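In my numbering, the protein residues as written are 1 to 200.
Please read the structure below before turning to the comments.
What follows is the structure in structure tokens.
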């Protein structure tokens, strides 16, 4: 999604801060490429989902790989195939994936046995797009809503010597066992974490 042309009604990304909303940090969409460089609408994503699940976009074998839970080399099963998560809401099968990039959070869920597609796009981060999407489905199915989330913890002061002690380069282990470089650093009185190819 190019950031250069003016596109009427294109949403700007924001971040929620204690003092209110601010513009999200700029990111060139050349960087995330397929991992977040998307521009779309709720209607277009719903149409995309119908086509994807109709068998008209990818080969059946590719779609099966996308929607079949993978197993780790340890044999432990995952709820993730080659591109999509599979689980249930109540007894309703769900195929879904969310996303997020500077100032934007999304969730797209498809319930194949119910022909229900739920798309939630937010141009403010953080946002509970996944909870909103699940609650919309729960309303459609007559299920109780998810309980409210506990309040976010307050920012706590951190001593300068702790910031110095904790700052440095680390390796972060993902659930699949792969490792990524990470950096913890001081940003004024805050301690920031940045994992490679991710915003801080």
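Note that beta-carbon positions come from the ideal geometry of N, C-alpha and C, so glycine has one too.
Please read these numbers as outputs of a predicted model, since none were measured by experiment.
In the structure shown, residue 107 falls within a strand segment according to DSSP collapsed to helix, strand and coil.
Per DSSP, residue 165 has no beta bridge partner at all. For residue 121, there is no enclosing alpha helix (DSSP H); the enclosing beta strand (DSSP E) covers residues 116-122.
Residue 10 has its alpha-carbon roughly 33 Å from the corresponding atom of residue 154.
Excluding its 5 nearest sequence neighbours in each direction, residue 14 has C-beta neighbours in its own chain below 7 Å: 21, 22, 23, 24, 103, 123, 124, listed in chain order. Secondary structure at residue 138: helix, using DSSP grouped into helix, strand and coil. Membership of residue 85 in the beta strand (DSSP E) is indicated by the continuous run 85-89.
Inclusion of residue 45 and residue 121 in the CB contact set at 9 Å is warranted, their separation being smaller than that value. Across the set 74, 76, 86, 49, the C-alpha of 86 shows the shortest separation from the C-alpha of residue 65. Across the structure, residue 189 and residue 161 are spaced so that their CA atoms are roughly 11 Å apart. Excluding the 5 residues flanking it on each side, residue 192 has same chain C-beta neighbours closer than 6 Å at 185, 200, in chain order.
Residue 146 sits close to residue 134, with the two beta carbons spaced by under 9 Å.
In summary, residue 109 is buried, with 16 or more beta-carbon neighbours lying within 10 Å of its beta-carbon over all protein chains present.
Exposure of residue 91 is indicated by the presence of fewer than 16 other C-beta atoms within 10 angstroms of its C-beta.
CA-to-CA, the gap between residue 137 and residue 150 works out to about 21 Å.
Linking residue 177 to residue 8 through their CA atoms gives a straight-line distance of about 43 Å.
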